[in-house]
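> Numbering (our numbering), first residue to last: 891 to 1376.
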């Protein structure tokens, strides 16, 4: 059996013993999440990019391995001949930066407990004391790595897609899978977990072998494709490293909505409001989401916030994503055109091979990236555009906005292009059609709201993007003339 060098891109093993101790000690202190728990289920839709996939796709809750066939999917005389999927990694640990902020907040609470015996907040109990005693089990080494729940996200996604498109994911096609991944360990590990899910589909009941022993095409790390934003100097200089680029994010942090939450949280936790800031509040909110997503438990951090707070904190997260990921500053969406071109090159190749009655060389292309990979591409394609931009000053006006990152790119989110060959087409142009799915639901075309397009029509609609994609020029910084003028 051919071996794929998946082991070449595997990251080093985590300290399993340390993790086990941390999990056991923390789980012993956690109240298991009950299905009827209204606090957590009420907050879950507002976690932004830290949202669980099943919270954005609640139909999966009864059986996360069962395929959910959208009734708009083509069938009968049209046969899927190729699938190109862009997949965000599964559930991950917090980053080291987030963990250190949480540690800072935890330290404030512990210092408060040692110095202050103020009366408990009326009717709410002393949440500050409870949180000071709550085990802080996150460690710096975790730094955004994929968790077991994230591997489960990928395995279950693989099972559903294989059941939804059985001809494409047939066992005979397994050796022709093409995997591309970001170099980040959470993406590499997501690809490996997806392959394990496919093994489970082919061999139910049998434990999967090591990924290196599976029959699969070699996964390729391609950061220029999957992390294009890291290779665009104009974006890095003008947005990522520019302290003023996220003006609206910083302005909202000091605006009335966030200041009200700061004061409320300070009162609940019984700490001076001057010791808190918007970043600490946001990491506290995300800790509720991390504990829920990673361990399936209700953290006391969830009790600090209500739905109105959650909506404000979601907007703060969305503001950052909006301005950085191609909706506010369009340089990031324009630089994603290379990825868009790559998708259409795969589709073009499949069309030509089918026209020549040749086998499709790569029936399934799987690309593992980030929320930062998906959002700029969706912006480039014209999706989730609001009439007015999100700003620090129109929170109330944007309550019903299209751009809600947690509904678009939760953990394990996926954008899928399905190419069909239709036998009874009246003309050669009508032979090939395309549907797109976002998070396993048919995504209507941005320009027409139709659920299916002739392939040539879709190419023609996006021809300006496909034909004028020159990222090397687009991302080049303008030259600064430092010479003295005469």
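Glycine included, every Cβ here is placed at the ideal spot set by N, Cα and C.
Since this is a predicted model, take the numbers as computed values, not measurements.
#1: As a quick exercise: from 1078, 1120, 1302, pick the residue whose alpha carbon is nearest that of residue 1102.
#2: Is the separation between the beta-carbon of residue 1123 and that of residue 1365 shorter than 8 Å?
#3: Could you give the DSSP three-state label for residue 921: helix, strand or coil?
#4: Leaving out the 5 sequence neighbours to the left and right, which residues in its chain are closer than 6 Å to residue 1133 when beta-carbon positions are compared?
#5: Look at the Cβ atom of residue 1173, then the Cβ atom of residue 1110, and state whether they are nearer than 8 Å.
#6: Closest to residue 1286 by C-alpha separation, out of 989, 1204, 1083, 1042, would be which residue?
#7: Would you decide whether residue 1216 is buried or exposed? Buried here means 16 or more other CB atoms lie within 10 Å of its CB.
#8: Pick out whichever of 1059, 1030, 1224, 1245 has its Cα sitting closest to the Cα of residue 1320.
#9: Expressed to the nearest angstrom, what Euclidean distance is found between the alpha-carbon atoms of residue 1361 and residue 1265?
#10: Is the beta carbon of residue 1176 sitting closer than 8 Å to the one on residue 940?
#11: I'd like to know whether the C-beta atoms of residue 946 and residue 1296 end up nearer to each other than 8 Å.
#12: Which of helix, strand or coil does DSSP assign to residue 942?
#13: Starting from residue 1078 and walking both ways along the alpha helix (DSSP H), at which residues does that stretch end?
#14: When you compare only the Cα positions, how much space is there between residue 1036 and residue 964?
#15: Which residues in the same chain have their Cβ closer than 8 Å to the Cβ of residue 1197, if we skip the five residues on either side of it in sequence?
#16: Just mark residue 983 as buried or exposed, buried being the case when its beta carbon has 16 or more other beta carbons within 10 Å.
#17: Taking its Cβ as the centre, do 16 or more other Cβ atoms sit within 10 Å of residue 1363, making it buried, or is it exposed?
#18: My assumption, with CB atoms under 8 Å, is that residue 1163 sits in contact with residue 1152. Please give the rounded CB distance.
#19: Pull up the CB-CB distance for residue 1305 and residue 976, whole angstroms please, since I reckon it's below 8 Å.
#20: Could you pull the start and end residues of the alpha helix (DSSP H) that residue 1289 belongs to?
#21: Using the C-alpha atoms, what's the distance from residue 1027 back to residue 1145?
#22: Could you tell me the distance, in whole angstroms, from the CA atom of residue 943 to the CA atom of residue 957?
#23: Using only alpha-carbon positions, find the residue among 1328, 1346, 1225, 1357 that is nearest to residue 1379.
#24: Tell me the start and end of each unbroken beta strand (DSSP E) in the segment 1248-1324 that is at least 3 residues and wholly inside, in chain order.
#25: What residues in its chain sit with their C-beta under 6 Å from that of residue 1241, if we drop five residues either side in the sequence?
#26: Thinking C-beta only, is residue 1126 closer than 8 Å to residue 1018?
#27: Whose C-beta lies closer than 6 Å to the C-beta of residue 1161 among residues of the same chain, with five residues either side of it excluded?
#28: I'd like the list of long-range same chain contacts for residue 913, defined as Cβ closer than 8 Å, with 5 residues on each side in sequence excluded.
#29: In angstroms, rounded to a whole number, what distance separates the CA positions of residue 1085 and residue 1075?
#30: On a Cα-Cα basis, can you pick out the residue from 973, 1190, 1130 that is closest to residue 1155?
#31: Determine the direct distance from the alpha carbon of residue 1350 to that of residue 1338, and round the result to whole angstroms.
From the atom records:
#1: The residue given as residue 1102 occupies position 212 in the chain shown. Answer by Cα proximity: 1078.
#2: The residue labelled residue 1123 in the question sits at position 233 within the chain shown. The residue labelled residue 1365 in the question sits at position 475 within the chain shown. Result yes, Cβ atoms of residue 1123 and residue 1365 sit closer than 8 Å.
#3: Position 31 of the chain shown, counted from the first residue, corresponds to residue 921. Per-residue confidence for residue 921 stands at a pLDDT of 37, beneath the threshold of 50, marking its modelled position as unreliable; the derived number appears in the next sentence. DSSP, reduced to helix, strand and coil, places residue 921 within a strand of the structure shown.
#4: Translated into the one-based positions of the chain shown, residue 1133 becomes position 243. Excluding residues within five positions, none has a Cβ falling inside 6 Å.
#5: What you label residue 1173 is simply residue 283 of the chain shown in a count that begins at 1. What you label residue 1110 is simply residue 220 of the chain shown in a count that begins at 1. Their beta carbons are not under 8 Å apart, which means residue 1173 does not touch residue 1110 by this criterion.
#6: Your numbering for residue 1286 matches position 396 in the chain shown. A check of alpha carbon separations from residue 1286 across 989, 1204, 1083, 1042 identifies 1204 as the nearest.
#7: Working through the chain shown from its first residue, we reach residue 1216 at position 326. Counting Cβ neighbours within 10 Å, residue 1216 comes out buried, since at least 16 surround it.
#8: Translated into positions along the chain shown, residue 1320 becomes position 430. Nearest option by C-alpha distance: 1245.
#9: Your numbering for residue 1361 matches position 471 in the chain shown. Your numbering for residue 1265 matches position 375 in the chain shown. C-alpha separation (whole angstroms): 17 Å.
#10: Indexing the chain shown from 1 puts residue 1176 at position 286. Indexing the chain shown from 1 puts residue 940 at position 50. Between residue 1176 and residue 940, the CB-CB gap stays under 8 Å.
#11: Locating residue 946 in the chain shown gives position 56, where the first residue counts as 1. Locating residue 1296 in the chain shown gives position 406, where the first residue counts as 1. Cβ distance < 8 Å, so residue 946 and residue 1296 count as in contact.
#12: Mapped onto the chain shown, residue 942 falls at position 52. The answer is coil: DSSP assigns residue 942 none of H, G, I, E or B.
#13: The residue given as residue 1078 occupies position 188 in the chain shown. Residue 1078 -> alpha helix (DSSP H) spans 1075-1092.
#14: Position 146 of the chain shown holds residue 1036. Position 74 of the chain shown holds residue 964. Each residue's alpha carbon lies about 34 Å from the other.
#15: What you label residue 1197 is simply residue 307 of the chain shown in a count that begins at 1. So the list reads 932, 933, 936, once near-sequence residues are dropped.
#16: To locate residue 983, count along the chain shown from 1; it is residue 93. Residue 983 is buried by the Cβ-count criterion.
#17: Residue numbering aside, residue 1363 sits at position 473 when the chain shown is read from its first letter. With fewer than 16 other beta carbons inside 10 angstroms of its own, residue 1363 counts as exposed.
#18: In the chain shown, counting from the first residue as 1, residue 1163 sits at position 273. In the chain shown, counting from the first residue as 1, residue 1152 sits at position 262. Right, the Cβ-Cβ distance comes to about 6 Å (below 8 Å), so this counts as a contact.
#19: Here residue 1305 refers to the residue found at position 415 of the chain shown. Here residue 976 refers to the residue found at position 86 of the chain shown. Yes, they are in contact, since the Cβ atoms of residue 1305 and residue 976 sit about 5 Å apart, within 8 Å.
#20: Here residue 1289 corresponds to residue number 399 of the chain shown, with the count starting at 1. Note, residue 1289: premise wrong, no alpha helix (DSSP H); not H, not E.
#21: Position 255 of the chain shown, counting from 1, holds the residue named residue 1145. Position 137 of the chain shown, counting from 1, holds the residue named residue 1027. Distance between the alpha carbons of residue 1145 and residue 1027 is about 33 Å.
#22: Within the chain shown, the letter at position 53 stands for residue 943. Within the chain shown, the letter at position 67 stands for residue 957. As the crow flies, the alpha-carbon of residue 943 is around 14 Å from that of residue 957.
#23: Past the boundaries of the shown model lies residue 1379; the chain is included only from 891 to 1376, so the question cannot be answered.
#24: Fully enclosed beta strand (DSSP E) runs of 3 or longer: 1254-1259, 1304-1312.
#25: Walking along the chain shown from the start, residue 1241 turns up at place 351. Once the five neighbours on either side are set aside, the close Cβ partners of residue 1241 are 1322.
#26: Against the chain shown, residue 1018 aligns to sequence position 128. Against the chain shown, residue 1126 aligns to sequence position 236. No; because the gap between Cβ atoms is not below 8 Å, this pair is not in contact.
#27: On the chain shown, position 271 is the one that residue 1161 refers to. Closer than 6 Å at Cβ, skipping near neighbours: 998, 1002.
#28: For the purposes of this step, residue 913 is identified with residue 23 of the chain shown, where counting begins at 1. Because residue 913 sits at a pLDDT of 33, beneath the cut-off of 50, its placement in the model cannot be relied upon, and the point is left open.
#29: Stepping through the chain shown from its first residue, residue 1085 is reached at position 195. Stepping through the chain shown from its first residue, residue 1075 is reached at position 185. If you take the alpha carbons of residue 1085 and residue 1075, they lie about 15 Å apart.
#30: Here the question's residue 1155 lines up with position 265 in the chain shown. Of the listed residues, the one whose Cα sits closest to residue 1155 is 1190.
#31: Your numbering for residue 1338 matches position 448 in the chain shown. Your numbering for residue 1350 matches position 460 in the chain shown. Within the model, the alpha-carbon separation for residue 1338 versus residue 1350 is close to 13 Å.
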